[in-house]
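Asks: The structure follows.
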Amino acid sequence: MWSEPEFGLHPRGDSGSVWRSDPHNPSGHLAGSDETADVWDEAFYPLATGCWTAGRSGIVVGSLTKTFACPGLRLGYLIADDVARFGRRQPHWSVGSLALA
């Protein structure tokens with residue numbers, strides 16, 4: 529009998545940080561409350577749960593483009609303890625001309 533293959537992280541060495549998506553892509557499974565990561569990609573979390581974020585520690589990134597179905601605008605957000613640290617590394621052209629219009 530066929531069953532869905534097991535999906536998971538397959539580290540390729542010490543990257544310095546662990547990234548996870550919640551819900552998992554492509555399986556759609558939500559992360560358990562005991563699972564940890566340094567960075568959480570919650571682009572589809574609001575669509576899967578009806579909540580904006582799981583409220584985990586670490587860095588959380590999300591996508592307003594997917595939540596509000598506005599392709600082409602590429603709008604996102606970052607939740608972190610030290611957001612200013614990321615702002616200093618953000619390129620000046622991070623917003624496309626369509627989003628600026």
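For the sequence shown, the numbering used here gives the first residue as 529, with consecutive numbering after it.
The beta carbon of each residue, even a glycine, is placed where N, CA and C say it ideally should be.
In this text the structure is predicted, and so the values were computed from the model without any measurement.
If you drop the 5 nearest sequence neighbours on each side, which residues of the same chain put their C-beta closer than 6 angstroms to that of P574?
Replies: For P574, where only same-chain residues beyond five positions count, the Cβ hits under 6 angstroms are W580 and T595.
Asks: Have a look at W547 and P599 and give me their C-alpha separation to the nearest angstrom.
Replies: Cα to Cα, the separation comes out at about 24 angstroms.
Asks: Look up R548 in the DSSP assignment and give the residues it is bridged to.
Replies: Answer is W568, bridged to R548.
Asks: Assuming G586 and W568 are in contact, meaning their beta carbons sit under 8 angstroms apart, how far apart are those beta carbons, in whole angstroms?
Replies: Between W568 and G586 the Cβ distance is about 6 angstroms, and since that is below 8 angstroms, they are a contact.
Asks: Distance check for D562 and S591, CA to CA, integer angstroms please.
Replies: C-alpha separation (whole angstroms): 24 angstroms.
Asks: Mind checking who Y605 pairs with in its DSSP beta bridge?
Replies: According to DSSP, which records beta bridges pairwise, Y605 is partnered with G590.
Asks: Check F596 in the structure and name its three-state DSSP category.
Replies: Residue state, collapsed to three classes: coil.
Asks: Look up G578 in the DSSP assignment and say whether it is helix, strand or coil.
Replies: Three-state DSSP puts G578 in coil, outside helix and strand.
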